[in-house]
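Have a look at the structure below, then the notes.
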Amino acid sequence: MEEEIYTASANSNIAFVKYWGKKAGNLPFNSSVSMTLGSNVSTTTSILFSKRFKKDRIFINGSEAAKIPGDEKSGMLFEILAYMEKLKGTSSHALVISKNSFPTSAGIASSASGAAALVYAANAALDLGFSFKDMSILARKISGSGSRSMHGGFVIWHASDKSEESYSEAIRDEKHWPELIDIIALVSSGKKKVSSSEGHIHTVNTSSLYAARPRIAEERARKAVELITKKDAHSLFDLIMKDSNSMHAVMLDSMPPLHYINDTSWLLIEKVHEINNAHGENIAAYTLDAGPNVHIITEDRYAKELKNAMLEAVPGISFIESHAGGAPVLLGKDSSLIDENMKAGV
Ligand code: PMV
């Protein structure tokens, strides 16, 4: 195998119907639906396989990743790499350098784009010929939501008890709804108190309300596909807000409770309802993941009005704006991310 650096980039995604609660192997209790974001919210990963390397090493935003006992995600990064090397039948090991396009301090989850970029880059470098569907299954094992980042545009990740059936596929590509925008209001840069890996299991094990969620969320996932296809913004926005509320309700119903929404997030949530009421219809939706940042989903023509309203509610708040973006891409076979010293020194 020739020693070449492969660099790939994958975008983050925002779930309209959320994934919360999983079984072993990151098999979700319900299907989820998302919009893949643009390249301003992405991870770029360079990978170099060499027989000179004694083991796989992964650097994320300048720090070396290690398998953390009890943290499934960190272990899986290495397991998936080892699995791909084994499949290739190579004794080479990898040097992986991964970097996010957005500041780490923004508090935006990067595991989805990180998992997708790693799998995509390794597949290219090892020439394994995996399809996007196969790669969505591999990315899923690292980070559930990473499965959805394997496609561009609007994506569904199917729930199943069988690993090979729990994959993601595109509903519509990124050109389908170009005026739809995610305005991410950056509420906090803090690290999550409870990681999503632990949170999924904690809620399933301790929330008595959780039993009701998979059926409701599954129905919503089907409905979201229909509404995205029809570009029915008003109904889709209603569904997005309800599903975010539902996920945070079961989080709060866990024991001890998981609470990711803070007072600033609530001010923004209330503002979205205020604006929707003033318009007499839903012109925007809010949705929050396992953190306090508020994603405001709207159409371009309302973006200015919404940002002004958010600034009125929380003076000085900053935003990252992103439209639907594409599937992972290979940027090239060379990269400045891996420097010569590292190549020689590892
Ligand atoms: O992929 P994970 O294990 O980081 O879980 C992410 C779950 C949420 O972001 C909260 C919801 C979702 O569907 O993206």
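Take 0 as the starting number for the sequence shown in numbering that gives the first Met the number 0 and just add one per residue.
Here a beta-carbon is modelled for each residue, glycine too, at the ideal position from N, C-alpha and C.
With a CB to CB cut of under 8 angstroms and the five nearest residues on each side skipped, what residues in its chain are close to residue i?
i, result
"Ser196", "Asp70, Glu71, Lys72"
"Leu330", "Thr6, Ala7, Ser8, Thr43"
"Phe52", "Ser91, His92, Ala93, Leu94, Val345"
"Ile159", "Just to set this straight, residue 159 is Ser in the shown sequence, not Ile. Same-chain partners within the cutoff: Leu26, Ser165."
Below 8 angstroms on the Cβ atoms is my guess for residue i versus residue j; work out the distance and round it to an integer in Å.
i, j, result
"Met12", "Ala111", "Residue identity differs from the one stated: residue 12 is Asn in this sequence, not Met. Yes, Asn12 and Ala111 are in contact; Cβ-Cβ is about 6 angstroms, under 8 angstroms."
"Ala115", "Ala9", "4 angstroms"
"Val193", "Leu257", "6 angstroms"
"Ile282", "Phe101", "Actually they do not touch by this definition, with Cβ atoms about 26 angstroms apart."
"Ile57", "Ser97", "7 angstroms"
"Ile107", "Val40", "6 angstroms"
"Ile79", "Leu137", "6 angstroms"
"Ala312", "Lys270", "5 angstroms"
"Pro27", "Ser245", "Going by Cβ atoms, the distance from Pro27 to Ser245 rounds to 15 angstroms, so no, they are not a contact pair."
"Ala289", "Gly198", "6 angstroms"
By Cβ distance, which residues of its chain are closer than 6 angstroms to residue i, with the 5 residues on each side in sequence left out?
i, result
"Asp242", "Val16, Lys17, Arg219"
"Arg139", "Asn25, Ser146"
"Asn340", "At Asn340, the pLDDT of 47 sits below 50, so the modelled position is not reliable and the matter cannot be decided from this model."
"Ser162", "Gly24"
"Leu117", "Thr44"
"Lys54", "His92"
"Phe129", "Asn122"
Is the CB-CB distance between residue i and residue j below 9 angstroms?
i, j, result
"Ile170", "Ile215", "no"
"Glu298", "Glu217", "no"
"Asn306", "Ile182", "Checking the displayed sequence, the identity of residue 306 turns out to be Lys instead of Asn. Yes; because the gap between Cβ atoms is below 9 angstroms, this pair is in contact."
"Ile268", "Ile260", "yes"
"Gly152", "Ala323", "yes"
"Met34", "Ile296", "yes"
"Glu84", "Leu47", "no"
"Ala14", "Thr286", "yes"
"Ser321", "Gly37", "yes"
"Met240", "Ala184", "no"
"Ser30", "Trp156", "yes"
"Met351", "Thr205", "The question about residue 351 has no answer here: the residues shown for the chain are numbered 0 through 345."
"Pro213", "Gly20", "yes"
Could you check whether the Cβ of residue i sits closer than 8 angstroms to any heavy atom belonging to the ligand FAD?
i, result
"Gly145", "This structure lacks the ligand FAD; its bound ligands are the ligand PMV."
Beta-carbon within less than 7 angstroms of residue i's beta-carbon, same chain only, minus the 5 sequence neighbours each way: which residues are those?
i, result
"Leu208", "Ala248, Val249, Asp252"
"Phe131", "Met149, His150, Ala326"
"Ser264", "Val186, Leu287, Pro291, Val293"
"Ala223", "Phe15, Val16, Val32, Leu235, Leu238"
"Ala211", "none"
"Met75", "Lys140, Ile141"
"Lys87", "Leu125, Leu127"
"Leu310", "Ile316"
"His233", "Glu280, Asn281"
"Lys50", "Ser90, Ser91"
"Val328", "Ala7, Ser8"
"Asn276", "none"
Any Cβ of chain D within less than 9 angstroms of the Cβ of residue i?
i, result
"Ala232", "The structure shown has no chain D; it contains just one protein chain."
**Every unbroken beta strand (DSSP E) within the stretch 29-75, with a cutoff of 3 residues, ordered by chain** = 31-35, 41-49, 56-59
**Prompt:** At which residue ranges does the stretch 145-230 contain complete alpha helix (DSSP H) runs of 4 or more residues, listed in the order of the chain?
**Reply:** 195-205, 212-229
**Item:** Ranges of the beta strand (DSSP E) found wholly within the stretch 298-331, counting only runs of at least 3
**Value:** 317-322, 328-331
**Request:** For the stretch 68-140, list the beta strand (DSSP E) runs that are entirely contained and at least 3 residues long, ordered along the chain.
**Result:** 92-99
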